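Asks:
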Ligand SMILES: NC(=O)c1ccc[n+]([C@@H]2O[C@H](COP(=O)([O-])OP(=O)(O)OC[C@H]3O[C@@H](n4cnc5c(N)ncnc54)[C@H](OP(=O)(O)O)[C@@H]3O)[C@@H](O)[C@H]2O)c1
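Numbering (this note's numbering), first residue to last: 165 to 459.
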C-alpha cells in the first residue's frame, strides 16, 4: 500500500522543464525514475464511457482541462448537452454499450478508452430495460473491449473494491445480485483482450455525482480534508474513495507506461495528497509496485 506523501522519488522531478508532460518510469538505479513521454498525450482523443456519471463527469472535465479531446459516450444526447454544453474539445458519442452495432462508429480514431459505467447493485429504476449488473458490468464491458481498435494506447476500466472478495463480509451483501461477480468478469475480458489496460478498483465512492452542469464548476469540486490517496495492488482496501481522486488517478495513469497491465485498488484518506501533480502521482503509482526495500 502506498501513500502520496513522503516518497523520495518526488525529488527527481525538481526543476524539470519539459515541452510535453514528463512522466516517470522505474530505472535500473534503485530509487530513481527515468523521464519518458506520456503514453496518451494531451491532444489525443479519449472516449469516456459513462461520461455523464459521477466519476465520468469529473474525468471528462479534467481531461478537457488538460487538453485532451473527449468523446463523451452516453445513451442520451440530452444528458451530454445538459452536463457539458458546448465545451471546447468535447463531442457526444451516443451509444448503448449493450448494443455492439452502435460501437464501431464511436470508437473510430480514438487513442484511449476510459470506461466508468455502472448501475445500482440492487434492483432500481436504473435496471429498467434490463440494464442490470450482468448487462452493464459484464456484457457491456465485453462489447466495448471487443470493439476497440488494436492500435489503442490505453483502456482504463473502473470496477470496484471487493471484486476478489465477493464472498466475504461486507461484500457478499453488495454482491447479492452479482455486481462484484460481473465486474470481475468484465475485468477478465479486458485482461484477456491483449489491449494495454489499467484497472482501478475504488472503495465506496464519495463526492458526487454533481448536478451543477458545467465543466468549470466540476473542476472546482474538492474532497476537503480527505485528499490523500491510497493505492494497492491487492484487493484489500476498506473505507471510501473520492470520485475526484479516482478521476484524477485515471487522468494521471494515462501518462504512465509502467502502470499498464495492473489492477489498482484506490481509496481516499485524511491528508494533503498528490493533487494534480504528475510527479507525485508517478511516485505514488511507482511506490505501490516497488519491490520491498526500494524507495
Ligand atoms: N457507488 C459506489 O460506492 C461505488 C463503489 C465502487 C465502485 N463503483 C463503480 O464505480 C463506477 C463509477 O461509479 P459512479 O457512481 O461514479 O457512476 P454512475 O453515476 O453510476 O454512472 C454510471 C454511468 O454508466 C452509464 N451507463 C449505464 N449503462 C450504460 C449502457 N448500457 N450503455 C452506456 N452507458 C451506460 C450511464 O450513462 P447514461 O445514463 O448517460 O447512458 C451513467 O452515467 C461504476 O462502475 C460503479 O459501479 C461504485
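Quick reminder that beta carbons are idealized off the backbone N, C-alpha and C, glycines included. Treat the numbers as computed from the prediction; the structure is a model and nothing was measured.
How about residue 204: is its Cβ closer than 7 Å to a heavy atom in ligand 1?
Replies: Not so, every heavy atom of ligand 1 lies at least 7 Å from the Cβ.
Asks: Give me the Cα-Cα distance between residue 458 and residue 391, rounded to the nearest whole angstrom.
Replies: Its pLDDT being 41, under 50, residue 458 is placed unreliably in this model, and the coordinates cannot settle the point.
Asks: Check whether the Cβ of residue 261 sits closer than 7 Å to any heavy atom of ligand 1, and report yes or no.
Replies: Residue 261 Cβ: within cutoff of ligand 1.
Asks: Tell me which residues share the same chain as residue 343 and place their Cβ nearer than 7 Å to its Cβ, disregarding the 5 neighbours each side in the sequence.
Replies: Hits under 7 Å: 285, 297, 301.
Asks: Could you tell me which residues DSSP pairs with residue 392 in its beta bridges?
Replies: Answer is 433.
Asks: Classify residue 244 as buried or exposed, calling it buried when 16 or more other Cβ atoms lie within 10 Å of its own Cβ.
Replies: When all chains shown are included, residue 244 counts as buried.
Asks: Which whole-angstrom value is the C-beta distance of residue 280 and residue 217, which I expect to be below 8 Å?
Replies: Indeed, because the Cβ distance is near 6 Å, the residues count as touching under 8 Å.
Asks: How about residue 307: is its Cβ closer than 7 Å to a heavy atom in ligand 1?
Replies: Checking the Cβ of residue 307 against ligand 1 gives no.
Asks: To the nearest angstrom, how far is it from the Cα of residue 428 to the Cα of residue 258?
Replies: Rounded to the nearest angstrom, the two C-alpha atoms are 29 Å apart.
Asks: Could you tell me the boundaries of the alpha helix (DSSP H) in which residue 345 lies?
Replies: Note, residue 345: alpha helix (DSSP H), 343-357.
Asks: Count the other C-beta atoms from every protein chain shown that fall within 10 angstroms of the C-beta of residue 323, then say buried if there are 16 or more, exposed otherwise.
Replies: Buried: at least 16 other Cβ atoms inside 10 Å.
Asks: Return the first residue and the last residue of the alpha helix (DSSP H) that residue 268 is part of.
Replies: Run containing residue 268: 267-271, per the alpha helix (DSSP H) assignment.
Asks: My guess is that residue 264 and residue 215 are in contact by the Cβ rule of under 8 Å, so how many angstroms apart are they, rounded?
Replies: Rounded, the Cβ-Cβ distance is 19 Å, inconsistent with contact.
Asks: Taking 7 Å as the cut-off, does the CB of residue 312 come closer than this to any heavy atom belonging to ligand 1?
Replies: The answer is no for residue 312.
Asks: In or out: residue 371 buried (at least 16 other Cβ within 10 Å) or exposed?
Replies: So residue 371 ends up on the buried side.
Asks: Taking only beta-carbon positions, decide if residue 431 is within less than 8 Å of chain C.
Replies: Considering every chain present, this structure includes no chain C. It has just one protein chain.
Asks: Leaving out five residues on either side along the sequence, give the residues of the same chain with a beta carbon under 6 Å from the beta carbon of residue 274.
Replies: Within the same chain, residue 274 has close Cβ partners 209, 211.
Asks: Just to confirm, are residue 254 and residue 320 a CB contact at a threshold of 8 Å?
Replies: Against a cut-off of 8 Å, the Cβ pair of residue 320 and residue 254 comes out as no contact.
Asks: If you run the structure through DSSP and keep just helix, strand and coil, what is residue 400?
Replies: Correct three-state label for residue 400: coil.
Asks: To the nearest angstrom, report how far apart residue 423 and residue 417 are at their CA atoms.
Replies: Residue 423 and residue 417: Cα-Cα distance of roughly 7 Å.
Asks: Does the Cβ of residue 462 lie closer than 7 Å to at least one heavy atom of ligand 1?
Replies: Residue numbering for the chain in the displayed model covers 165 to 459; residue 462 lies beyond these limits and cannot be assessed.
Asks: Less than 8 Å between the C-beta atoms of residue 203 and residue 441, yes or no?
Replies: No, these two residues do not count as a Cβ contact at 8 Å.
Asks: Could you tell me the alpha carbon to alpha carbon distance between residue 294 and residue 233, rounded to whole angstroms?
Replies: Cα to Cα, residue 294 sits roughly 32 Å from residue 233.
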